[in-house]
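Numbering (this note's numbering), first residue to last: 48 to 300.
We treat Cβ as the ideally placed atom computed from N, Cα and C, and that holds for glycine.
Heads up, the thing below is written out as structure tokens.
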């Protein structure tokens, strides 16, 4: 399931030369931010999703944000327990490491990538240490969800991104569709709605008509996501959130 939710979220064209920065990039998230979602297939709740800013860690001498996106649940005949973890350079938001632990039904898979922005290459460690071409200022599936929160989103505009660390998946197009009021289990919010279009057969393909609602404020947290698949709709709705490590939990417990 998380492959539908996150592994399809790929892409990203730098809106500036992030490598020129010498101090932590200004970001709308903080250590300890935690977002919890109801995952629904049509009208049926099938699981729980979580997005967390876990901490800051050292990766090859660089300070990096560690963020995690997980989905657990399923139906009586198909269970999932999937985790995506990303390590992003705090100065550039470039992806430095990406790990997937996918447990879907009877299949368990782990993928681990080491990404080297300074040389525009990456390694898929499960398959050895061969270096493969990447891009400048790379992003991965998980870090893209945080990067998009830093983009100035103007209704009616489209943004093209060529930053996904596997070049064949580029570009990603983000269309900014509208502003509207939205109600989710965590409350009622002003939102800005975007449509990602990606080179994939998953939920963010052009035919999938997926839409993401981000809070229309300085935090830009993901409020909900809706998508259409050939066999039904797959949706996420924010149930509760905590913006800082010591902050109060808002929404349904």
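Within a Cβ cutoff of 8 Å, which residues of the same chain sit near residue i, ignoring the five residues on either side of it in sequence?
{"i": "residue 293", "result": "79"}
{"i": "residue 212", "result": "142, 145, 160, 162, 169, 181, 182, 185, 186, 187"}
Does residue i pass the burial test, meaning 16 or more other C-beta atoms within 10 Å, or should it be called exposed?
{"i": "residue 132", "result": "buried"}
{"i": "residue 136", "result": "buried"}
{"i": "residue 291", "result": "exposed"}
{"i": "residue 164", "result": "buried"}
{"i": "residue 65", "result": "Only weak support exists for where residue 65 lies, its pLDDT of 36 falling under 50; the value from the coordinates is given anyway. Answer is buried; the Cβ neighbour count reaches 16."}
{"i": "residue 217", "result": "buried"}
{"i": "residue 182", "result": "buried"}
{"i": "residue 173", "result": "exposed"}
{"i": "residue 189", "result": "buried"}
{"i": "residue 179", "result": "exposed"}
With H, G and I counted as helix, E and B as strand and the rest as coil, what does DSSP make of residue i?
{"i": "residue 76", "result": "coil"}
{"i": "residue 216", "result": "helix"}
{"i": "residue 70", "result": "coil"}
{"i": "residue 188", "result": "helix"}
{"i": "residue 173", "result": "helix"}
{"i": "residue 83", "result": "strand"}
{"i": "residue 197", "result": "helix"}
{"i": "residue 181", "result": "coil"}
{"i": "residue 120", "result": "strand"}
{"i": "residue 235", "result": "strand"}
{"i": "residue 164", "result": "coil"}
{"i": "residue 287", "result": "strand"}
{"i": "residue 267", "result": "coil"}
{"i": "residue 282", "result": "strand"}
Thinking just about the alpha-carbon of each residue, which of the options is nearest to the one in residue i?
{"i": "residue 200", "options": "171, 172, 242", "result": "242"}
{"i": "residue 77", "options": "85, 110, 103", "result": "103"}
{"i": "residue 296", "options": "83, 110, 119, 184", "result": "83"}
{"i": "residue 262", "options": "92, 229, 113, 244", "result": "229"}
{"i": "residue 237", "options": "245, 198, 246, 259", "result": "259"}
{"i": "residue 196", "options": "71, 75, 70", "result": "75"}
Give me, in chain order, the residues of the same chain whose beta-carbon lies closer than 7 Å to that of residue i; leave out the 5 immediate sequence neighbours on both sides.
{"i": "residue 231", "result": "270, 271, 284, 285"}
{"i": "residue 93", "result": "86, 87, 120, 121, 122"}
Since residue i and residue j should fall inside the 8 Å C-beta cutoff, what is the C-beta to C-beta distance between them, to a whole number of angstroms?
{"i": "residue 117", "j": "residue 97", "result": "5 Å"}
{"i": "residue 140", "j": "residue 194", "result": "6 Å"}
{"i": "residue 245", "j": "residue 219", "result": "5 Å"}
Near residue i, which residues of its chain fall below 6 Å by C-beta distance, leaving aside the five closest residues on each side in sequence?
{"i": "residue 160", "result": "145, 169, 171"}
{"i": "residue 148", "result": "130, 157"}
{"i": "residue 99", "result": "81, 115"}
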